[in-house]
Amino acid sequence: MFPSISKFLTAAAALSTTAYAVPQGWSDSSGSWQGGQGGQGSGSNSVSTTPTTTSAALNYASASSSSATGFSTASSAAKAVSSGTACNNSPDLCSRTYDNVTHMGAHDSSFLRDSSTDDSIAGTQFLNATYALNSGLRLLQVQVHDLNGAIEMCHTTCELLDAGTLQSWLSIIKEWMDNNPNEVVTLLIVNSDDFKASDFGTVFKASGIDTYGYTPSGSAGNSTTWPTLSDMISANTRLVTFIASIDADSSYPYLLPEFSYVFETAYEVTSLSGFNCTLDRPSGYASSAAAISAGMLPLMNHFAYSVVLSYEIPDVTNIDTTNSPDTTTAGNLGLHAKTCNSDWGQSPTFVLVDFFNKGPAIDTADNLNGITATGRSDSGSTSSSTSTSTSGSVQTRNLGLASGALVAALAGAVLLI
Ligand SMILES: *[C@@H]1O[C@H](CO)[C@@H](O)[C@H](O)[C@H]1NC(C)=O
Ligand SMILES: *[C@@H]1O[C@H](CO)[C@@H](O)[C@H](O)[C@H]1NC(C)=O
Ligand SMILES: *[C@@H]1O[C@H](CO)[C@@H](O)[C@H](O)[C@H]1NC(C)=O
Ligand SMILES: *[C@@H]1O[C@H](CO)[C@@H](O)[C@H](O)[C@H]1NC(C)=O
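Going left to right, the sequence shown walks through residues -21 to -1, 1 to 396 as mature numbering (1 follows the signal peptide of the UniProt record, and there is no 0) numbers them.
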């Protein structure tokens, strides 16, 4: 089932007497509360260097009750979203506020288990982020590390799995957004080596994707009033970017400190009965209910690890159960979402899954959003139980599972967010 696992275990056994260091950064954002002024740095965000949208931009066909509250940085000629046009794959979502949509997301979206990585067991997805977007996912999570000063997408360490630079990946996402003008996309970046907002800002600008960056108008953080998808599409500020562990920087007001806006359920689940709806991060709220009533957006982590000789690796064996929209069996994505909806009195705003094409996971978001989707170019569903994708155009470097560096990297509950 795992072509590389025996190599991995052999290497692990060979080095079992070595003392390993837990790689720095794997638990980077655990519990660090970005409160205080963290979410308020964009208080001056109404200063815009480009003309704001004209009133015509607001003339979309919807009966939104809470529109036109959320954008101040329209970048280019804004166009109305006309009646019947789909927003995020359904006309029904145009008038919904951003926070009232369930955005299905690919956890560690750039770490592939496919031919480009020799089916690395550190891979969390069979298909890359372009396929995820084509399949209807609208949230892409990535983890970045410092590789000689570059912001590099690496899983736990760059020796283990290096998926290339953030900038080249952002350029591909930007191109997809250029070609899909009615889609609102969210990025969630785990900032493992504590880059600053300005470091990210430089890379966002170089990729060109910064022009789509959405900046909350008025209050930031938990008191933000989110606009409708239509508002965001009309203003062409269709990219929401959350970064764990950054301080807000008014020069890059579209880079939002994750834990000023979002709370998460547990991300280290090793049994299919281990999913729950309890707040795990940030630590500043007493409970999920408290976070929700404070205006925080719920993110439901729904991916499992297998424990193999005390190593945690993404669990692909049970993936058909894990990603199923069913609400019948412990571990089902549908059941977890239903449970959280009942606990919270609302659906999760964000969901993260591994191997998104299994299930397919997007079915659960469609169910929660109450839509029948249109305009997806990939079905989101593949029948093969192994990797089927071609390698991504972002160069992926895999140094091999048998290396001592890999085993050292794996020691100590790793391969996490
Ligand atoms: C919103 O977040 C701030 C920190 O950014 C916190 O001080 C405040 O208590 C939160 N609001 C509520 C209602 O919890
Ligand atoms: C929620 O799930 C996580 C991961 O399985 C676990 O560590 C935590 O104890 C659970 N919380 C509750 C209240 O059951
Ligand atoms: C959106 O609002 C409806 C109606 O209140 C609610 O049932 C649903 O759970 C909400 N979805 C999200 C993601 O907030
Ligand atoms: C995904 O793979 C396709 C096919 O190789 C490629 O065209 C696309 O650019 C890749 N996307 C990303 C984000 O790497």
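Heads up, the beta-carbon is just placed ideally off N, CA and C, and yes, glycines get one too.
{"Item": "Helix, strand or coil, according to DSSP, for residue 116 in the structure here?", "Value": "coil"}
{"Item": "Check whether the segment 137 to 149 touches the segment 298 to 318, taking contact to mean three or more Cβ pairs, one atom from each stretch, closer than 8 angstroms.", "Value": "no"}
{"Item": "Could you have a look at residue 262 and say whether DSSP puts it in helix, strand or coil?", "Value": "coil"}
{"Item": "Which residue comes first and which comes last in the beta strand (DSSP E) that contains residue 285?", "Value": "284 to 287"}
{"Item": "Just verifying my parser: in three-state terms, what is the DSSP assignment at residue 104?", "Value": "strand"}
{"Item": "Does the Cβ-Cβ distance between residue 334 and residue 298 come in under 8 angstroms?", "Value": "yes"}
{"Item": "Going by DSSP, which residues form a beta bridge with residue 94?", "Value": "Paired residue(s): none; residue 94 is not in a bridge."}
{"Item": "Assuming residue 167 and residue 120 form a contact by the criterion Cβ under 8 angstroms, report the distance between their Cβ atoms to the nearest whole angstrom.", "Value": "4 angstroms"}
{"Item": "Please return the same chain residues whose Cβ sits closer than 6 angstroms to the Cβ of residue 217, not counting the five positions on each side in sequence.", "Value": "163, 191, 211"}
{"Item": "Would you kindly report the start and end of the unbroken beta strand (DSSP E) that includes residue 315?", "Value": "Where residue 315 is concerned, there is no enclosing beta strand (DSSP E), although the alpha helix (DSSP H) it sits in stretches over 312 to 323."}
{"Item": "In whole angstroms, give me the CA-to-CA distance for residue 114 and residue 350.", "Value": "15 angstroms"}
{"Item": "Can you give the Cα-Cα distance for residue 336 and residue 178, rounded to whole angstroms?", "Value": "32 angstroms"}
{"Item": "Give the C-beta separation of residue 172 and residue 256 to the nearest angstrom, bearing in mind that I take them to be a contact with Cβ-Cβ under 8 angstroms.", "Value": "In fact, because the Cβ distance is near 31 angstroms, the residues do not count as touching under 8 angstroms."}
{"Item": "By the 10 Å Cβ neighbour count, where 16 or more other Cβ atoms means buried, how is residue 180 classified, buried or exposed?", "Value": "buried"}
{"Item": "Per DSSP, what kind of secondary structure is residue 65 in: helix, strand or coil?", "Value": "coil"}
{"Item": "Along the chain, where does the beta strand (DSSP E) containing residue 172 start, and where does it finish?", "Value": "Per DSSP, residue 172 belongs to no beta strand (DSSP E) and is neither H nor E."}
{"Item": "Helix, strand or coil: which one does DSSP assign to residue 70?", "Value": "helix"}
{"Item": "Three or more beta-carbon pairs under 8 angstroms between the segment 236 to 251 and the segment 269 to 280, yes or no?", "Value": "yes"}
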